[in-house]
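Asks: Below is one structure. I have some questions about it.
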Amino acid sequence: MLEVILPPTIETPALVRGPSDLMRVGGDHASQISQQLGFSNSLLVDSQGFSGGLWLLWNKSEVDLRATSVSRWGIHAVVIVPGAKPWVLSSVYASNNPKFRQQVWNELQHVSEIDCPLGVIGDLNVLHSLSDKKGGILPTYSDIKELNNVMNVCNLMDKKPGGPRFTWTNKQVRGRNIQERLGHLLVNE
Numbered sequence: 016m017l018e019v020i021l022p023p024t025i026e027t028p029a030l031v032r033g034p035s036d037l038m039r040v041g042g043d044h045a046s047q048i049s050q051q052l053g054f055s056n057s058l059l060v061d062s063q064g065f066s067g068g069l070w071l072l073w074n075k076s077e078v079d080l081r082a083t084s085v086s087r088w089g090i091h092a093v094v095i096v097p098g099a100k101p102w103v104l105s106s107v108y109a110s111n112n113p114k115f116r117q118q119v120w121n122e123l124q125h126v127s128e129i130d131c132p133l134g135v136i137g138d139l140n141v142l143h144s145l146s147d148k149k150g151g152i153l154p155t156y157s158d159i160k161e162l163n164n165v166m167n168v169c170n171l172m173d174k175k176p177g178g179p180r181f182t183w184t185n186k187q188v189r190g191r192n193i194q195e196r197l198g199h200l201l202v203n204e
């Protein structure tokens, strides 16, 4: 499960959770769970089978979040915290299929044209650098080129959040274990 709380430089009680067994819960049951977790508001994108699913949870008394665009692949919203400059949060789940992943990159390019701070968080299903993989075949230049191109076009930099270094594993043992960092936090400021 990808669970990321935004870093201290972006002080907000919003919580973003990515694909996991919990994400396969949808509809009214998902809303009930978000309330049980103590959040007054939620915006949910249901998973498609075992793929995707996004939950954006927040407390209206502490932060105002206004969704500007919601798709199968992402939730894009303006975040307003009292006493701070508004910023845009893009919570994304990028497909492991490059064809569908391109739709996410197009959405991010559009959102990045807005003149304000931007935070992109989620499972991007691509590597940013060689150190984002442990085990298996070494990544090639083309393996890391895709995300780096998007970051350059959108003027984003990678912020490595705290927590586990890798966000995905093939769960194999005896020298066959592969781990990758597919969850990312990207910012433009």
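Here the sequence shown is numbered in the numbering used here, starting from 16 and rising by one per residue.
Cβ atoms here follow ideal geometry from the backbone N, Cα and C, with glycine treated the same way.
If you're wondering where the values come from, they're calculated on a predicted model, not measured in any experiment.
What separation, rounded to the nearest whole angstrom, lies between the Cα atoms of Q51 and A45?
Replies: Each residue's Cα considered, the two are about 10 angstroms apart.
Asks: Would DSSP call D36 helix, strand or coil?
Replies: Low local confidence applies: a pLDDT of 43 at D36 is under 50, so the model's placement there is unreliable, with the coordinate-based value given in what follows. The answer is coil: DSSP assigns D36 none of H, G, I, E or B.
Asks: Report back the beta-carbon spacing between S57 and L71 to the nearest angstrom; my notes put them in contact at under 8 angstroms.
Replies: With 8 angstroms as the limit, S57 and L71 qualify as a contact, their Cβ atoms being about 7 angstroms apart.
Asks: Tell me which same chain residues have a C-beta within less than 6 angstroms of the C-beta of V165, skipping the five on either side of it?
Replies: The answer, listed in chain order, is W120.
Asks: Go through its chain and collect everything with a Cβ distance to H143's Cβ below 8 angstroms, but skip five positions before and after it.
Replies: Cβ neighbours of H143 beyond the five flanking positions: I159, L162, N163, M166, D173, R196 and H199.
Asks: Report the rounded CA-to-CA distance for W102 versus P132, giving the unit in angstroms.
Replies: Rounded to the nearest angstrom, the two C-alpha atoms are 5 angstroms apart.
Asks: CB G53 to CB N74, shorter than 9 angstroms?
Replies: In contact: G53 and N74 (Cβ atoms closer than 9 angstroms).
Asks: Could you tell me the alpha carbon to alpha carbon distance between K186 and R81, rounded to whole angstroms?
Replies: Looking at the two C-alpha atoms, the distance is approximately 38 angstroms.
Asks: Rounded to whole angstroms, what's the CA-CA distance from P154 to S86? Just pull it up for me.
Replies: Taking the straight line joining both Cα atoms gives about 30 angstroms.
Asks: Taking Cβ positions, are D138 and V168 nearer each other than 9 angstroms?
Replies: No, these two residues do not count as a Cβ contact at 9 angstroms.
Asks: Between the C-alpha atoms of H91 and G178, what's the straight-line distance to the nearest angstrom?
Replies: Straight-line Cα distance between these residues: approximately 24 angstroms.
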